[in-house]
Every structure is written in structure tokens, then in C-alpha cells.
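S.K.: Below is the structure I would like to discuss, written out as C-alpha cells.
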Amino acid sequence: MSSKEEFFSHLLELRNRLLKIVAGIFVIMLALFPFANDIYQFLASPLLQALPEGGQMIATEVTTPFFVPLKVVMLSAFILSSPYTLYQVWAFIAPGLYANERHLVAPLVIASVLLFLCGMAFAYFLVFPVVFGFITSTAPEGVAVMTDIGKYLDFTILLFIAFSLAFETPIAVVLMVAAGMVSVVALKQARSYVIVGAFIVGAIITPPDIISQFMLAIPMWVLYEVGILVASVIQQKKQHQYEHQS
């Protein structure tokens, strides 16, 4: 097979994989669409529980009551289909990897998905009640807290992304060490800067209460340490294999 034929073969394979990914997301969207309002109700429950008695959410746009639950369904379908999506990505790139690279990439992909979902769960079950409890409790007397459902969705997506990416810290650390970009010793020496950076990120992304800032910064620090530990083990195994071969 010529290089040109091989190139077009890869393009065709990529197109087929992308179509399968889109089809997987679309099928899950169709399955979830009848439950769109129930899913949004579940997403909104941390705020609804924090509102004072009689408090409610509002829709300020004509089409918001339809499009916001639809966006939630799309987001849910994307998350639920992520294992299938990553399988398609893995099936596309695996033939071009060496055996040792496949052994490293597969666990990292699985761990990345699990950590991403753990970040979302951490935000929903632990951070949201604290954040919304703080926000509703600081409202001036006589002010009724009635959040727009579209604004609420944007806010929760921001926090979901922030905490999910924060939980990917060990993956980033391991990849940097595996790629030779940085050593474990350098990561340990940078610990104090990472801690300060984590609290700065927490102060920027989370609401102004100090509790939610700590709830983002401390997991980032702990997961950074986990990443160093895992990278150290991988580095020691590589050194041991090199010494054994030589």
C-alpha cells in the first residue's frame, strides 16, 4: 500500500470512528429525552433545597424551559457515552502504539474517565450544597433569591468542569513524567508553588466563600501528591526494566 493510500485509509477509519461516536451520543440522547425535565430537576435539587421556603427558580426567556433541559440531556449523553467514545479513540490510535505505550495508555484512559466522573460527583454532592447554602444565606433581607434556570446551568457546568479538571491532576503529572518533560524530583521541589497555585485557582473559580475555595484547592494538592507517587512507581519500574535488559 502506498503512502497516499495509507493516508486515505486512516482518514476513512477516522471518519468511521467519529460517526460511531456521534451515533452513540445521539442514541443516548434519544433515550434520555423523555426524562429531560426529571434530569434537570435532579441537577437543580442542590439549589432548590438551599432556597428558603417558597423559593423557586425562574425562566426569563420564552424558549428557556425547552432548551435548558435539552442542554442537560446533551451533557448527560456526552458523559454517559464517554466510555464508548474513549473506546473508539483507543481503537483508532492503538495500532500505532508500541506495546509498552499501550500498557501505559489504557490504564491512564480508564483512570482519566473515573477521575473526571469523581470530580463531577464531588462537586454535586459536596460542593454544591455548601456553595448554594452560602449564596442563599447571604442574600439581603427582603431579597427573594430566584435564579434563572439557564444561568444556573451555566454556573453548574463551570463548576463541573473546574472540579473534573482538578481531579485530572494525577493524570497530568504522570504524563509529564512519562514524556520526560519533568522529573519526580522537580515535581517534589515545586510542591509549595503548586499549593499556592491551587488556592489561587480555587479563589478565582469558586464563589467567594472560603469553604468552597478549600474544597477545590485541597483535592488538587492531594491529587498532585498522588500523581507524584504513581509517577515515582512508574519511573522505578522503567529503571528496573532498563537495568535488567542491560
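Position 201, counted from 1, in the sequence shown is what this note's numbering calls 367; the numbers after and before it change by one each time, with no gaps.
In this text, a Cβ means the ideal position worked out from N, Cα and C, and glycines have one as well.
What residue range does the alpha helix (DSSP H) around Y206 cover?
M.R.: As a first step, residue 206 must be located in the sequence shown, where it is residue number 40. First-last of the alpha helix (DSSP H) with Y206: A202 to A216.
S.K.: Are the Cβ atoms of F368 and Q379 separated by less than 8 Å?
M.R.: For the purposes of this step, residue 368 is taken as residue 202 along the sequence shown, with counting starting at 1. For the purposes of this step, residue 379 is taken as residue 213 along the sequence shown, with counting starting at 1. Going by the sequence as given, residue 368 is Gly instead of Phe. In contact: G368 and Q379 (Cβ atoms closer than 8 Å).
S.K.: Assuming contact is defined by CB atoms lying nearer than 8 Å, are L274 and E334 in contact in what I supplied?
M.R.: Numbered from 1 along the sequence shown, position 108 holds the residue referred to as residue 274. Numbered from 1 along the sequence shown, position 168 holds the residue referred to as residue 334. No. Outside cutoff.
S.K.: Excluding the 5 residues flanking A257 on each side, which residues of the same chain have their C-beta closer than 8 Å to its C-beta?
M.R.: Position 91 of the sequence shown, counting from 1, holds the residue named residue 257. The beta carbon of A257 is closer than 8 Å to those of R183 in its chain, skipping five residues each way along the sequence.
S.K.: Is it right to say Y318 is buried, meaning 16 or more other beta carbons lie within 10 angstroms of its own, or is it exposed?
M.R.: As a position in the sequence shown, residue 318 is number 152, starting the count at 1. Classification of Y318: buried, given that the 10 Å Cβ count is 16 or more.
S.K.: Could you check what DSSP says for D320 in three-state terms: helix, strand or coil?
M.R.: The residue you call residue 320 lines up with position 154 of the sequence shown. In this structure, D320 counts as helix in the three-state DSSP scheme.
S.K.: So does the stretch 277-291 actually touch the stretch 321-335, counting three or more Cβ pairs closer than 8 Å?
M.R.: yes
S.K.: Is the stretch 186-197 touching the stretch 216-234, taking contact as three or more C-beta pairs under 8 Å?
M.R.: Using a C-beta cut-off of 8 Å, the stretch 186-197 makes no contact with the stretch 216-234, since fewer than three inter-stretch Cβ pairs fall below that distance.
S.K.: To the nearest angstrom, how far is the alpha carbon of A202 from that of M386?
M.R.: By 1-based counting over the sequence shown, the position of residue 202 is 36. By 1-based counting over the sequence shown, the position of residue 386 is 220. If you take the alpha carbons of A202 and M386, they lie about 32 Å apart.
S.K.: At a cut of 8 Å, does the stretch 177-191 reach the stretch 243-258 through at least three beta carbon pairs?
M.R.: yes
S.K.: Would you mind giving the Cβ-Cβ distance between T235 and F298, rounded to the nearest angstrom? I have them listed as a contact below 8 Å.
M.R.: Sequence index remark: in the sequence shown, residue 235 carries index 69 (1-based). Sequence index remark: in the sequence shown, residue 298 carries index 132 (1-based). Reading off the sequence, residue 235 comes out as Pro, not Thr. The pair is not a contact, with the Cβ atoms about 20 Å apart (cut-off 8 Å).
S.K.: If you drop the 5 nearest sequence neighbours on each side, which residues of the same chain put their C-beta closer than 8 Å to that of I205?
M.R.: Residue 205 sits at position 39 when you count from the first residue of the sequence shown. Only L198, P235, V238, V239 and S242 meet the Cβ criterion.
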